[in-house]
Amino acid sequence: MPAEYSVSGKVALITGALGAIGTAIAQKLLTNGAKVVFADIRDVNEGTELVAKYNNNACYVHCDVRSSEDIANALRHAVATFGRLDILVNNAAVFTVESLYRTETFAAIQMGIDVNLRGPIEFSRQFVQYIWEDKANRSGVIINMASMSGCMPTRGIEVYAATKSALLNFTHASKSLAPAVRVSALAPYYVDTPAVNQSKGLAKSGIIKHQLVVSTEQVAEATVRTIQDKKSAGKAYVLIGNWAVRANLFIYEFSFIAIMVVAFFSLFVAKVKGIGPPPEFVQSQDALTRDEKKTK
């Protein structure tokens with residue numbers, strides 16, 4: 034079955050592109066005929082050296098996703114270099130295994146929230162505005178790199194899991210942007226990267242089930258498949274195990290059903306028991322007078 038959305042001739046910007054996952058995604062997109070903007074906070078020389086082997090099909094831009102100005106500059110650089118931008122992959126993330134209640138610092142917590150959540154949100158916001166204002170009337174695709182930890186909170190990576198859970202929620206909430214901008218997410222299990230392999234905290238805790246670890250190539254393949262899938266708006270796909278099934282997580286659909294069941298049951302009980310709406314709250318004049326005095 035042919036792909037619904039071809040990446041050939043498209044331009045993709047990948048954050049955290051010099052990392053293991055980012056590089057794998059970039060190479061897969063390049064293989065499929067796309068042009069790629071490598072956006073990363075690492076040394077400019079490292080980025081320039083990496084993209085040189087891709088001739089004129091790739092470029093590098095230094096970008097700190099915590100900076101709105103850097104994000105705007107990265108988008109401008111992409112359009113100035115290739116004349117357009119079609120795909121955004123929010124891949125940049127920081128991951129630490131520290132005891133939140135013993136050794137984790139406020140600065141580290143802030144870093145995790147800024148890079149893993151605020152960055153993707155701001156990048157998406159500016160990218161969507163670019164697509165809306167595009168005179169060529171092109172559509173866009175956003176892929177948010179989440180994590181299974183966002184669905185299964187784990188002690189030891191509370192902040193990381195919280196940011197990834199929020200990113201999944203953000204993805205689902207952005208479903209209505211389609212067809213102008215299609216937003217999807219991937220939620221892989223632990224990926225075979227240096228950061229994960231060198232984490233003594235994870236190894237000691239026994240969190241990682243090595244038979245279920247996903248390779249960077251599998252993540253890259255799933256990323257391209259999700260970009261190609263026009264029906265993926267608002268969906269999150271789990272990646273786990275050697276075969277890395279790209280299965281949709283119906284977490285929000287199930288949550289919606291559960292909420293509706295509880296809501297209808299509550300209405301039914303209220304009707305049976307004759308429970309009416311709560312009385313209207315009316316603040317006394319004395320209280321209003323006291324409040325006015327406090328504000329003066």
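In my numbering, the protein residues as written are 34 to 329. Note that beta-carbon positions come from the ideal geometry of N, C-alpha and C, so glycine has one too.
Short of 7 Å from the beta carbon of Ser101, and not among the five residues preceding or following it, lie these beta carbons of its own chain, in chain order: Glu155. A check of alpha carbon separations from Gly152 across Ala269, Ala105, Ala111 identifies Ala105 as the nearest. When beta bridges are read from the DSSP output, Lys61 appears opposite no residue. Counting only runs that start and end inside the segment 182 to 226, the beta strand (DSSP E) elements of at least 3 residues fall at 214 to 221. Counting every other CB atom within 10 Å of its CB across the protein chains shown gives Thr196 a total of 16 or more, marking it as buried. In the assembly as shown, Leu46 is a buried residue. Its beta-carbon has 16 or more other beta-carbons within 10 Å.
Leaving aside the five residues that flank Ala50 on each side, the residues in its chain whose CB is nearer than 6 Å to its CB run, in chain order, Ala59, Phe71, Ala72, Asp73. By the C-beta density criterion, Leu300 is exposed, having fewer than 16 other C-beta atoms within 10 angstroms.
The beta-carbon distance between Ala53 and Val69, rounded to whole angstroms, is 16 Å. This is too long to meet the 8 Å contact definition. Here Lys68 carries a strand assignment [DSSP, helix/strand/coil]. Residue environment for Ala179: buried (at least 16 other C-beta atoms within 10 angstroms of its C-beta).
Non-local beta-carbon contacts of Gly55 in its own chain, meaning distances under 6 Å to residues more than five positions away in sequence, involve Ile47, Gly49, Asn124 in chain order.
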